[in-house]
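To start, the structure under review is shown below, and the notes come after it.
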Amino acid sequence: MNWALAALVVAITLTVFSVTYSAEFVRWDDDVNIYNNPHLRGGVNVHSLIWMFTDMNYIPRYMPLGWLSYAVNYQFGGLNPVGYHAGNMVFHALNALLVYFLLQRLLRLISSAAGREMNWRGVLAGSAIGALLWAIHPLRAEPVACASGRIYSQALFFLLISSWSYLRAQETPAGARAKWLWGSAGMFLASLLTYPIALGFVIVFVLADFYPLRRLTLSRSLFTRTTLPVWREKIPFVVAGAFVVVLTLWARVHSGQYAAPVTLDEFGVSSRVMQGFYVWAYYLWKTLLPLDLSPTYTALLSFHPWSAPFLASAGLVVGVSLLVFAKARRWPASAVLWIGYLALLVPMLGLTEHPHYTYDRYNYIVAILFSVPIAWWLAVAWAKRTRVALCGVWCVVLIALGIATFQQAARWQNTPTLLGYIIEKVGAHPIAA
1 MNWALAALVV
11 AITLTVFSVT
21 YSAEFVRWDD
31 DVNIYNNPHL
41 RGGVNVHSLI
51 WMFTDMNYIP
61 RYMPLGWLSY
71 AVNYQFGGLN
81 PVGYHAGNMV
91 FHALNALLVY
101 FLLQRLLRLI
111 SSAAGREMNW
121 RGVLAGSAIG
131 ALLWAIHPLR
141 AEPVACASGR
151 IYSQALFFLL
161 ISSWSYLRAQ
171 ETPAGARAKW
181 LWGSAGMFLA
191 SLLTYPIALG
201 FVIVFVLADF
211 YPLRRLTLSR
221 SLFTRTTLPV
231 WREKIPFVVA
241 GAFVVVLTLW
251 ARVHSGQYAA
261 PVTLDEFGVS
271 SRVMQGFYVW
281 AYYLWKTLLP
291 LDLSPTYTAL
301 LSFHPWSAPF
311 LASAGLVVGV
321 SLLVFAKARR
331 WPASAVLWIG
341 YLALLVPMLG
351 LTEHPHYTYD
361 RYNYIVAILF
371 SVPIAWWLAV
381 AWAKRTRVAL
391 CGVWCVVLIA
401 LGIATFQQAA
411 RWQNTPTLLG
421 YIIEKVGAHP
431 IAA
């Protein structure tokens, strides 16, 4: 049953995004990253490899493994977009599979920490539905349907392996734990070298040490001889993150394409704070209600920090935070997931940028956190008579999401289709020009 459900998760994911097989390149980073990139011509060779790992001028990012992935596509298929989109599909389908198995491990750990027996069939069903809720959500359309979105799916692929290995290490005898931890750190570095979208993920590892691993606790000192190994394990991850941060900042400076951070006179403290609340709230409600999606959004181009949407966003984030922390002892998993959600989105808040954009692709990693409580709830409910009805309801939800995602992915078929959709969404706004 386990592998049958795994195959089903992959098959449904590939079916929903099947429209991307016939997609072309679009003038939405594909030009810079792929078809107008002179450094990819010739595929993989000594000169291109040197460029990938040493260049600090082409774009304001350090992403050698991302370039390598595109170069491999060029090596075998030139500039035929089919190969690039097929590669995106493979990575995303593998990510759906990894999320499925990661949810299983998390549910087992949470049930153990909670002292609760779980029905294995319920764990499998909950994990499968949780994985699909993430994989075929309409917010996945941009990073999967756009050829340049490869760097997001590839970076997450390595990050999921890193996460699984980290959890596996904690269930391994001390003598064999090191290989899993070093493997996890290596995959974490590979993720960052693909595209640095998970720089703060080491915080998630620390949160997991609190719950469900229970290796750290707030009831006693966090820095003792007993907890020293827990912190020492994080050193390779911190070093990897620091290494990539330095190289990324260096690339930003030397590329000449990255504007200096806006001053407080240009973008005040209150505007930055309220923008942060808006972004946190935005990816929360947009995940729950994925309507009116667009390749770009204009809400943060010019705004009043004390207007209703921003006050409501602040109220939502503060309210959820107070509720979660008030119930932290009863629902420790909720506190860990909420802190992880807030932490992972910090780089996406745009606190030093104006204007800032809430792109759908920024939700690619953090959205997995929403699948955890849903999978848990379904696994717990499996022992009740209502399990068939619950599965039926979630299947209807999945069908609706799948149809919406298929339609959203189709809007990335080619540049005229994409630009026409942008004009439809932003109208006469100057960004459409």
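Following the working numbering, the numbering of the sequence shown begins with 1 at its first residue and continues without gaps. Just so you know, even glycine gets a beta-carbon here, dropped at the ideal spot from N, CA and C.
- As the crow flies, the alpha-carbon of Leu222 is around 11 Å from that of Asp209.
- Assignment of Gly78 by DSSP, reduced to helix, strand and coil, places it in the coil class.
- Contact between Ser371 and Trp182 is absent: CB atoms are separated by about 28 Å, not below the 8 Å threshold.
- Per the Cβ contact rule, the segment 318-336 is not in contact with the segment 258-276 (fewer than 3 Cβ pairs under 8 Å).
- If you draw a straight line from the Cα of Ile161 to the Cα of Val317, it is about 30 Å long.
- For Tyr166, the enclosing alpha helix (DSSP H) starts and ends at Arg150 to Gln170.
- By the neighbour-count criterion, in which 16 or more other beta carbons inside 10 Å mark a residue as buried, Ala176 falls on the exposed side.
- The shortest CA-to-CA distance from Gly241 to any of His254, Glu266 and Ile197 is the one to Ile197.
- Taking the Cβ atoms as the reference, Ala409 lies roughly 12 Å from Val26, outside the contact range of under 8 Å.
- Between the C-alpha atoms of Ser127 and Trp382 there is a straight-line separation of about 12 Å.
- Val426 and Arg411 have their C-alpha atoms spaced approximately 15 Å apart.
- For His85, the closest C-alpha among the options Tyr70, Val99 and Asn95 is that of Tyr70.
- The C-alpha of Thr13 is placed about 6 Å away from the C-alpha of Ile136.
- For Pro143, the enclosing alpha helix (DSSP H) has its first and last residue at Ala141 to Ala145.
- Counting other Cβ atoms within 10 Å of its Cβ, Lys286 reaches 16 or more and is therefore classed as buried.
- Annotation: the continuous alpha helix (DSSP H) that includes Met187 extends over Ala174 to Thr194.
- His354: not part of any alpha helix (DSSP H); DSSP gives it neither H nor E.
- One thing to note: Pro212 has its Cβ within 7 Å of the Cβ of Ile110.
- Less than 7 Å separates the beta-carbon of Ala155 from that of Ser191.
- Setting aside the 5 residues that flank it on each side, Met348 is surrounded in the same chain by Val279 and Tyr362, each with a C-beta closer than 7 Å to its C-beta; the list follows chain order.
- Ranking Ala23, Arg140 and Gly319 by CA distance to the CA of Gly83 puts Ala23 first.
- Within the same chain, Cβ atoms closer than 7 Å to the Cβ of Ala6 are found at Leu97 and Tyr100, the five residues on either side in sequence being excluded.
- Distance from the CA atom of Ser148 to the CA atom of Val32, rounded to whole angstroms, is 9 Å.
- With respect to the 7 Å criterion, His92 and Ser163 are not classified as neighbours on the basis of their beta carbons.
- In chain order, Ser294, Pro295 and Arg411 place their CB closer than 8 Å to the CB of Tyr421, counting only its own chain and leaving out the 5 sequence neighbours on each side.
- In the three-state reduction of the DSSP assignment, Leu301 falls in the coil class.
- Within the segment 21-78, the runs of alpha helix (DSSP H) at least 4 residues long that lie entirely inside it are, in chain order, 46-54 and 64-77.
- Fully enclosed beta strand (DSSP E) runs of no fewer than 3 residues are not present anywhere in the segment 79-143.
- DSSP, reduced to helix, strand and coil, places Thr227 outside both helices and strands of the structure shown, so it counts as coil.
- Nearest to Asp292 by alpha-carbon distance, out of Tyr359, Tyr195 and Val396, is Tyr359.
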